[in-house]
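What follows is a single structure, written as structure tokens, with notes after it.
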Amino acid sequence: MDINESFAKAEQILAPWTGVATHPAPDRMDVVIPAKSLVEAVTALVEAKWGYLSAITGLDHPGSTEPASEALRWQRLTEEIEAPSDEESREGTLEALYHFCEGAAILTLRVRVRYTSSALPTICNIQPAATLYEREIMELFGVTIVGTPNSERLLLSDDWPEGVYPLRKSFTSLKELDVVKGKETK
Amino acid sequence: MNEQVNAPKKFIVPIGPQHPALKEPGHFEFTVDGEIVTGASVRLGYVHRGIEKGCEQRSWIQDIYLLERICGICSHSHATAFVLGVEKLAKVTVPPRAQAIRTLFLELERIHSHFLWLGVAAHEGGFDTLFMYSWRDRETVMDILENLSGNRVNYSANVLGGVKYDVDEKQADEIRKGIDFLEERAHYYLNVVTTDETFLGRTRHIGLMSLEQAVTLDAIGPTARASGLARDVRVDAPYAAYVDFPVKLVTDDRCDLVGRFVVRINELFESYRLIREILDHLPAGDLTTKCPRRIPEGETISRVEAPRGELFYFLKSNGSDKPERVKVRTPSLCNWASVINLAVGHNLADIPMILAGIDPCFSCNDRSVTIRNPGGSQVWSWEELRRYGIEHYK
Amino acid sequence: MSTIGAMLGDIVQSLFTRPATELYPFVRNIDPERLRGKLVWNPEKCTGCQLCVKDCPSDAIELIVVDKVNKKFVMRYHADRCTFCAQCVESCRLKCIDMSNEEWELAALTKNPFEVYYGREEDVQNVLARFAQESVEATHRE
Amino acid sequence: MNIAINPLIALLVFPGGIFLLGWGLFYEFLDRKLVARFQNRVGPRWFQPLADWVKLLAKEEIIPDGVNAGLFLALPVVALAGALTAALYVPMAGWMPSSSFRGDLVVTLYLLSMMTLCIGLAGANTMDRFSLVGATRALTQLFSYEAPFLLALLGPALAAGSWQISDVNAYAHNNLWMILYQPIGFLVAIVGLMGKLELPPFDAPEAETEIVSGALTEYSGRGLALFKIGRNVELVVGLSLVAAFYLGGLSNPLEFILKTLGLLLLTAGLQSLFARLRIDQTVGLWWRIGAILALVQLLAILAGQAIRGLF
Chain A
112 MDINESFAKA
122 EQILAPWTGV
132 ATHPAPDRMD
142 VVIPAKSLVE
152 AVTALVEAKW
162 GYLSAITGLD
172 HPGSTEPASE
182 ALRWQRLTEE
192 IEAPSDEESR
202 EGTLEALYHF
212 CEGAAILTLR
222 VRVRYTSSAL
232 PTICNIQPAA
242 TLYEREIMEL
252 FGVTIVGTPN
262 SERLLLSDDW
272 PEGVYPLRKS
282 FTSLKELDVV
292 KGKETK
Chain B
7 MNEQVNAPKK
17 FIVPIGPQHP
27 ALKEPGHFEF
37 TVDGEIVTGA
47 SVRLGYVHRG
57 IEKGCEQRSW
67 IQDIYLLERI
77 CGICSHSHAT
87 AFVLGVEKLA
97 KVTVPPRAQA
107 IRTLFLELER
117 IHSHFLWLGV
127 AAHEGGFDTL
137 FMYSWRDRET
147 VMDILENLSG
157 NRVNYSANVL
167 GGVKYDVDEK
177 QADEIRKGID
187 FLEERAHYYL
197 NVVTTDETFL
207 GRTRHIGLMS
217 LEQAVTLDAI
227 GPTARASGLA
237 RDVRVDAPYA
247 AYVDFPVKLV
257 TDDRCDLVGR
267 FVVRINELFE
277 SYRLIREILD
287 HLPAGDLTTK
297 CPRRIPEGET
307 ISRVEAPRGE
317 LFYFLKSNGS
327 DKPERVKVRT
337 PSLCNWASVI
347 NLAVGHNLAD
357 IPMILAGIDP
367 CFSCNDRSVT
377 IRNPGGSQVW
387 SWEELRRYGI
397 EHYK
Chain C
2 MSTIGAMLGD
12 IVQSLFTRPA
22 TELYPFVRNI
32 DPERLRGKLV
42 WNPEKCTGCQ
52 LCVKDCPSDA
62 IELIVVDKVN
72 KKFVMRYHAD
82 RCTFCAQCVE
92 SCRLKCIDMS
102 NEEWELAALT
112 KNPFEVYYGR
122 EEDVQNVLAR
132 FAQESVEATH
142 RE
Chain D
69 MNIAINPLIA
79 LLVFPGGIFL
89 LGWGLFYEFL
99 DRKLVARFQN
109 RVGPRWFQPL
119 ADWVKLLAKE
129 EIIPDGVNAG
139 LFLALPVVAL
149 AGALTAALYV
159 PMAGWMPSSS
169 FRGDLVVTLY
179 LLSMMTLCIG
189 LAGANTMDRF
199 SLVGATRALT
209 QLFSYEAPFL
219 LALLGPALAA
229 GSWQISDVNA
239 YAHNNLWMIL
249 YQPIGFLVAI
259 VGLMGKLELP
269 PFDAPEAETE
279 IVSGALTEYS
289 GRGLALFKIG
299 RNVELVVGLS
309 LVAAFYLGGL
319 SNPLEFILKT
329 LGLLLLTAGL
339 QSLFARLRID
349 QTVGLWWRIG
359 AILALVQLLA
369 ILAGQAIRGL
379 F
């Protein structure tokens, strides 16, 4: 199928939930959607048999390093994150990218959640193959996937400290973590 | 009378993390009733290395070599997926000769990987002779790769903006000669795996995965193509030199292990054809073009058809000389679900072959993901899966 | 179409042909021209740009400055860290670095042979003497 | 050659004891070498099996938790003893069997089965899951090949009109090679021997890619060494038996060497030619094809004899 045709179809399917749709490259379409409508959007895609889930990428946006303009842009795009107070605007967000592929076309659903309210609904009921990807971002980014079939400690070793997410930017190494903790306890 | 008291106890056969069937660490637990498998679960993560995090702390150039070491068998696919992505971000146009040589390496790597797989799969089925012969013949392509790049694995052929190694006429002739020999051998092996009755006894109707199941389970690569699912990034979204040298899609509708053998061997023929074509029409020109050390800000997705299936890279740059995020989704990861689901209902003896059928690569998986499945709640029974499939496609 | 023992021909044939096994340490093949073995460095052309050090994915190269003005450098090469990717060869604009296709059997019983110093003889002596001096001073301080 | 041997020597040096152990190791080497050559490999050097064996003997023997220690230690000894005893009734190296009585064929066959029984018991004795599955498979296989193998060896015995191995040997020596007019029986016998020795493609009981080492997974050191050498001895005994019955008897050492080596070449070829059979396929093969073929062969012999009786 032609790329443009695919995208036109996807646009139509996702219209009810689309915050904003962009084409960062000819073969890509990024659709920003609010976290609460993720399941509906994925269901619509799967029911329309639009491609297959290729991967879920996690991204970490630490509040302090992200330019303010970027954070503002996100507020406008999703309305999910309400106008932050000064303190809140420093809080980081986590982004999950759901990549769907059909032929050459890659459709990315982008959802964002805050560090403190990092809940995302599971899509395993619609796409059973998503379970591995969901576990991956739970483990590495600390996104809480609500209702995923298995939410145990998955990726990291059993003695990995609770609440430490290695792919977040704030994580550098376990050794340093101990040093910081040591200081805190002193 | 006693039957209820002696309710059948679960008899679990553990396979791995250290087991002769698995040369790489993974842990499987198969619940068996006699010889029949009634449940399966998997736990990976024994070779988790944190490469994605490591990438964020190294420069773009250093990352090529780190990512190349995700997997020893499809190393060039990883490096190519990465450099293609970075070049897209940097808006660098790579000379056509470099793209063609990259593709040449990709196809040689596919041949090496498929021959390796043929041997491993035969070994799992207790056919050591086929194992030895296919690995012996694989040496031909390994030698070609060594002559081209100086290394048998981890060729390090890619640099940002091109390739390191050129192919001259003398080497091209050597490759052609090797390919001719391998083509003859591939015909022979195709004949063996499709006609040898003892081997067919181990592969025919084993590990059946219908097209519907393949779609539901998100299978990719040769595993999916053996179920008739036409999914191949080289065809769907041509990259590198596949635009100029198009690939014919190879599928099979046998859906079982025989199909997986046939698809992989037929893919070899396609690779031979492609390699000859590339060698005959190698574009002239430079090998490299200048690529900046600091990559402009942006995000990109790069997909490459590795020997095992679609390899997915997501790259994000923040404008510095180090990537902001490198996400790797390896093909084996997509195919695990199929193994776990296909195992149920088979003989214990068939499990190694079904496992081998998807050509699993543990190093690929464990780069960042572990699966643990103790309760079996995630394991779908045959019936559940079918119900799901029926409901899904109502 | 099905047969039993489809590989019979090959099996009988191999009984009368030489085994494919290469008896490596006793019988040697010709090393491929492009084989990437131990790193070799030519100090004459080096300008000390440090690009090779920067690009090395495994920190295997150190460039020690002896005399910056007169372009005198010594390279400390850690063969045990090297992954033989040849990125340094690619990065060097002056083609000072190359990888030997003869010296590749680098296994050793001690760690010493893995730390290699390259450079002009007097520079290397100079650097080694400096290191010796430093280590003596360090022990004195303690 | 009909030179009587002192029973003690027969038991300890020749044809039992040391000779048989050495010959067994030599044949293991030949088997491995041949399979390697069939697979276009170099294969082991001549002392490799001996080195392996000595190494195993020198190693620590671990008795796992939860086993009956006495049984665990006794089984390998019994298995080896069974195989060595069987050698006494077989025309080893072309000499007359050192011990012989009417009906010793049946005894020999059961002595040869001791090995599999011991392996099955050894597997069932431990708590290891691989061992249990391996033991089940070993015994399942025993029940499938035993009957056809017995029937296949009965053919020559019926033709010779005696159940005494030395008589059959002599009969075979004086008549046309029995492989010529009992080809099916020969095939069943040689394949049955491979099943008995758990050689590929009948190595499901110790399929390494599924159940590691099968019933012997928990064995180490001396116990494993004894099981291994016992299997080698059985290989020699089995080959001699088949050679004596089907290949025109064994009357001198040269004949013995040539004929058993020929058989070894055949088994090595068969080993490298096929993919491993699943246990259900093995059972199916033996009962559906092997047993019926052997029966047909037997009926043909009986019919032949009846017809000959008429004239």
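Quick mapping for you: the protein sequence lines, in order, are chains A, B, C and D. Its first residue numbered 112, the first sequence is counted upward by one per residue in our numbering. Its first residue numbered 7, the second sequence is counted upward by one per residue in our numbering. Its first residue numbered 2, the third sequence is counted upward by one per residue in our numbering. Its first residue numbered 69, the fourth sequence is counted upward by one per residue in our numbering. Each residue gets a CB set at the ideal place from its N, CA and C atoms; glycine is no exception.
Nearest-angstrom Cα separation, counted from residue j out to residue i
i, j, result
"A119(A)", "D113(A)", "10 Å"
"I62(C)", "A87(C)", "12 Å"
"F106(D)", "G125(B)", "16 Å"
"E330(B)", "G60(B)", "11 Å"
"E145(B)", "K127(D)", "37 Å"
"K176(B)", "A7(C)", "36 Å"
"A106(B)", "D138(A)", "22 Å"
"L188(B)", "A21(C)", "15 Å"
"N379(B)", "I237(A)", "With a pLDDT of only 36 at N379(B), under the threshold of 50, the placement of this residue in the model should not be trusted, and no figure is reported."
"S323(B)", "N347(B)", "38 Å"
"F115(D)", "F36(B)", "40 Å"
"S38(B)", "D174(B)", "A quick correction: the sequence has Val, not Ser, at residue 38(B). Approximately 56 Å between the Cα atoms of the pair."
"V334(B)", "L125(A)", "26 Å"
"L164(A)", "D120(D)", "53 Å"
Residue-level contact to chain C via CB, residue i, 8 Å cutoff
i, result
"R105(D)", "yes"
"F342(D)", "yes"
"N83(B)", "The sequence shown places Ser at residue 83(B), rather than the Asn named in the question. No, because no Cβ of chain C sits closer than 8 Å to the Cβ of S83(B)."
"N242(D)", "no"
"R64(B)", "yes"
"G337(D)", "yes"
Any C-beta of chain A under 8 Å from that of residue i
i, result
"T229(B)", "no"
"N12(B)", "Note that N12(B) has pLDDT 42, beneath the 50 cutoff, so the model's placement of it is unreliable and the number below is only indicative. Output row for N12(B): interface = no."
Contacts around residue i, its chain only, beta-carbon distance under 7 Å, and the 5 residues preceding and following it disregarded
i, result
"W91(D)", "V304"
"W355(D)", "S212"
"T48(C)", "K72, L95"
"P165(D)", "L156, Y157, V158, P159, I233, S234"
"M229(A)", "According to the sequence provided, residue 229(A) is Ser. The question's Met does not apply to it. These residues qualify, in order along the chain: L205, G253, V254, T255."
Short CB-CB distance (under 8 Å) between residue i and chain D
i, result
"E41(B)", "yes"
"A127(B)", "no"
"G10(C)", "no"
Other residues of its chain near residue i: CB distance less than 8 Å, five sequence neighbours each side excluded
i, result
"N136(D)", "N193"
"I167(A)", "A207, L208, Y209, H210, A241, Y244, E245, E247, I248"
"L1(B)", "This structure cannot speak to residue 1(B), because chain B is shown only from 7 to 400."
"A381(D)", "A query on residue 381(D) cannot be resolved here, the shown segment of chain D reaching from 69 to 379 and no further."
"A374(D)", "none"
Other residues of its chain near residue i: CB distance less than 6 Å, five sequence neighbours each side excluded
i, result
"S148(A)", "W128"
"S374(B)", "Unreliable placement is indicated for S374(B), whose pLDDT of 41 sits below 50; the coordinate value is still reported in the next sentence. If we look at S374(B) and ignore the five residues flanking it on each side, its Cβ neighbours are E58."
"K101(D)", "G111"
"S140(B)", "F121, L124, G125"
"V310(B)", "S83, T86, A87, L317"
Quick one: which unbroken alpha helix (DSSP H) runs of 4-plus residues sit fully inside the stretch 283–370 of chain D? Chain order, please.
-> 289–314, 321–341, 347–352
Continuous beta strand (DSSP E) assignments of at least 3 residues falling wholly in the stretch 14–52 of chain C = 40–42
Can you check the stretch 242–283 of chain D for any alpha helix (DSSP H) of at least 4 residues that lies completely inside it and give the ranges in chain order?
-> 246–249, 251–264, 276–279
At a Cβ cut of 9 Å, what residues of the stretch 87–116 of chain C count as close to chain B, listed as they run along the chain?
-> A87, Q88, V90, E91, S92, M100, N102
The stretch 14–36 of chain C: positions lying closer than 8 Å to chain D by Cβ = S15, L16, T18, P20, A21, T22, L24
Relative to chain B, which residues along the stretch 56–84 of chain C have a C-beta separation below 9 Å, given in chain order?
-> D56, C57, P58, S59, T84
What residues from the stretch 265–295 of chain D come within 9 Å of chain B, judged by C-beta to C-beta, listed N to C?
-> P268, P269, D271, A272, A275, E276, T277, E278, I279, V280, S281
Cβ-based contacts, 9 Å cut-off: residues of the stretch 131–147 of chain B near chain D = G131, G132, F133, D134, T135, L136, F137, M138, Y139, R142
Jot down the residue ranges of each uninterrupted alpha helix (DSSP H) in the stretch 130–161 of chain B, minimum 4 residues, whole runs only, in chain order.
-> 134–155
Give, in chain order, every residue of the stretch 155–174 of chain A whose Cβ lies closer than 7 Å to some Cβ of chain B.
-> Y163, L164, S165, A166, T168, L170
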